[in-house]
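Count along the sequence shown starting at 1, add 140, and that's the number in the numbering used here.
Every residue, glycine too, gets a C-beta built ideally from N, C-alpha and C.
All figures in this text were calculated on a predicted structure; none of them were measured in a lab.
Remarks on the structure that follows.
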Amino acid sequence: MIGPEQVAAGVMAAFNRSLARVRLDGGLHYGRVPESAAAPYGRLGVVMSRHTRLSNRYLRMFDIRVEIWGDTGPIDLGPPRASIEAAVLALKVPEAIKVVDVKPADTDLQVIGEVRNAKDVCLLSLGWQALIEGN
């Protein structure tokens, strides 16, 4: 069955194929961010929010959140934001029958995992919901 780890792996793969990888110096991290990560960096959170069983398959809704963190105040987040949005909207999950829909959404998801440095600040938080069909 498809779970948050498979969806996170799909987001990470899309991120690594995109310009976001170049525009976010410290990379995107699922879980703990290493102290060696440059700023700004991204943190990824994924949680399953709904599960519907159909006869021989299922639909699962996942909440996805990407936070951009850094050690300074305002910076131009336009290019990394656009690249991250494009990467998430191009989500593919190999284990899925298909990714039915990905849309921007305001989710209550809290990204779990330690930041690189306790003094870092969240510069931007983006959310989506992904509907995925599996068997």
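Query: Go ahead and pull the three-state DSSP assignment for Q250.; Result: coil
Query: Would you mind stating whether V239 and L229 have Cβ atoms separated by less than 7 Å?; Result: no
Query: Nearest-angstrom Cα distance between H287 and R193?; Result: No answer is possible for residue 287: the residues shown for the chain start at 141 and end at 275.
Query: Just to confirm before moving on: does the CB-CB distance between F155 and A227 stay below 7 Å?; Result: yes
Query: Tell me the rounded alpha-carbon separation between P220 and H191.; Result: 31 Å
Query: In whole angstroms, what separates the C-alpha of E273 from that of L199?; Result: 5 Å
Query: Could you check if P174 is buried or exposed, using at least 16 other CB atoms within 10 Å of its CB as the buried criterion?; Result: exposed
Query: Give the straight-line distance between the Cα atoms of Q250 and T212, rounded to the nearest whole angstrom.; Result: 22 Å
Query: Would you list the residues sitting across from Q269 in a DSSP beta bridge?; Result: D203 and K243
Query: Near N196, what residues of its chain come up, given a Cβ to Cβ distance below 8 Å and the 5 sequence neighbours on each side ignored?; Result: N275
Query: Do L263 and G210 have their C-beta atoms within less than 7 Å of each other?; Result: yes
Query: Buried or exposed for S176, going by 16 or more other Cβ atoms inside 10 Å?; Result: exposed
Query: Using DSSP bridges, identify the partner residues of R190.; Result: M201
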